[in-house]
Amino acid sequence: VIMGDVIRLELDKRGLEPSEENMGSVANELRKTYGDDIVASRTLPAVRRSLKRAGLVIVDGFRSRVEIETFRDEFNDAFILMGIQASDKVRFRRAQERGREDAGRDIQEFRDRDSREMAWGVCEVLENADIKVLNEGELAAFHCDPMIFLADGNCMTGEEVLMVGGKEQVFGQAVLSKI
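According to our numbering, the stretch in the sequence shown is residues 644 to 822, in order.
Laid out in structure tokens, this is it:
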């Protein structure tokens, strides 16, 4: 489940393109109008539906302490947050490679997005992660980093996501085990 999809859905409702500028503007407006937990709160129904089907859910996109608290309140000890960090240059290159319209046209626009997200509290999210991983290398090297092996010995892979989990520890930005 991608928390940013809450913003993309709102853009779609308003007939706006998913540009970096529109994403930031609408995200700020939603937080100002409905509170800092709005994105997390609107993400919870999709997480609950996914938990019914899969038992585990990866949630990508925490940007504030309040969002983490919303998930901790909902899922208690089944929520573990992993912060995966990479330099802005590496993250910008990866965002460009994914071809997302909201990635920013250049490194400065990408850094402007980072500044906005820092104002929301993304640095506090990373500081308070239960597990922290540096991801500066190529994805192939990251696949078998011993820090991301699961309890059953399998190696879970991913990129630029954080982790959450219950008994099983699954790689991703937020992985929730079925309660």
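In this text, a Cβ means the ideal position worked out from N, Cα and C, and glycines have one as well.
- In the three-state DSSP reduction, Met646 falls in the coil class, being neither helix nor strand.
- The Cβ neighbour count for Met666, taken over all protein chains shown within 10 Å, is at least 16; the residue is labelled buried.
- The region 691-700 makes no contact with the region 653-671; the number of CB pairs closer than 8 Å stays below 3.
- The beta carbons of Val649 and Thr686 sit about 6 Å from each other, so the pair counts as a contact at 8 Å.
- Counting other Cβ atoms within 10 Å of its Cβ, Asp749 stays below 16 and is therefore classed as exposed.
- The three-state secondary structure of Gly726, taken from DSSP, is strand.
- Rounded to whole angstroms, the gap between the alpha carbons of Lys656 and Ile723 is 32 Å.
- In summary, Ser707 is buried, with 16 or more beta-carbon neighbours lying within 10 Å of its beta-carbon over all protein chains present.
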